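In our numbering, the protein residues as written are 117 to 338. So the structure is just underneath, and the comments pick up after that.
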């Protein structure tokens with residue numbers, strides 16, 4: 117075998133190695149991105165459930181709350197709805213942030229804008245994590261009061277009462293607890309999304325530095 121042929125074989129062998137390495141790296145990026153999208157979808161579902169249950173309990177309270185002028189009011193005069201409002205606001209931010217992240221991940225035209233997509237994949241879970249943390253801290257800070265009732269404390273206190281019409285304290289108690297428990301679960305979920313998105317950003321930056329098989333293809337000499 118001539119020296120030219122040996123050099124050509126070596127060049128092709130090196131190209132095959134680079135191509136395999138590049139393909140493995142691309143597969144890893146797709147796998148990590150798929151995991152990120154899946155967990156983002158889970159965070160979105162949690163946010164929608166929290167928003168739905170919290171908003172419903174707040175709507176029932178607004179519909180059944182009577183002033184102190186009425187006899188036998190269903191709700192006490194000193195009442196704090198801010199913890200429920202905090203969950204509504206926090207979950208709304210989580211929902212919007214995750215929807216925007218998923219849109220930029222699934223729509224090819226938007227996904228091809230690499231810088232914007234990378235920034236959103238990192239900022240969306242960070243915004244969601246921050247929003248749910250603030251709402252949780254505020255919820256527990258106010259709900260721990262022993263002098264003023266909240267939607268959860270009052271509805272769960274009277275949850276055993278059988279009612280033929282709203283407010284159905286038992287249902288409100290269950291909905292309030294569901295929103296609270298899902299908010300607790302959402303904290304590590306958003307943190308996981310943020311971690312995976314950070315790892316994905318590192319992989320994507322590494323792929324940019326790697327030579328593409330097309331650009332690195334050896335051209336046989338004539």
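For each residue, glycine too, the CB sits at the ideal point set by N, CA and C. Everything numeric in this text was worked out from a predicted model, so none of it was measured.
Pair within 8 Å by beta-carbon distance, residue i and residue j
i	j	result
residue 273	residue 292	no
residue 317	residue 142	no
residue 176	residue 288	yes
residue 294	residue 169	yes
residue 200	residue 180	no
residue 148	residue 241	no
residue 171	residue 212	no
Between the CA atoms of residue j and residue i - distance to the nearest angstrom
i	j	result
residue 282	residue 190	10 Å
residue 164	residue 244	13 Å
residue 304	residue 239	16 Å
residue 161	residue 284	25 Å
residue 158	residue 214	10 Å
residue 247	residue 206	5 Å
residue 194	residue 263	9 Å
residue 146	residue 236	17 Å
residue 258	residue 198	8 Å
residue 321	residue 139	15 Å
residue 216	residue 208	12 Å
residue 290	residue 218	30 Å
residue 271	residue 302	24 Å
residue 196	residue 296	16 Å
residue 220	residue 276	46 Å
residue 234	residue 278	52 Å
Residue i burial status per 10 Å Cβ neighbour count (16 or more: buried)
i	result
residue 300	exposed
residue 154	exposed
residue 178	exposed
residue 306	buried
residue 312	buried
residue 166	buried
residue 223	exposed
residue 152	buried
residue 156	buried
residue 192	exposed
residue 136	exposed
residue 260	exposed
residue 202	buried
Cross-strand partners of residue i (DSSP beta bridge)
i	result
residue 266	196
Residue i Cβ short of 7 Å to the ligand GTP heavy atom set
i	result
residue 268	The ligand GTP is absent from the structure shown, which contains no ligands of any kind.
### Stretch pair the region 228-239 + the region 251-264: three plus CB contacts closer than 8 Å
Taking a cut-off of 8 Å on C-beta distances, the region 228-239 does not touch the region 251-264, as fewer than three cross pairs fall below it.
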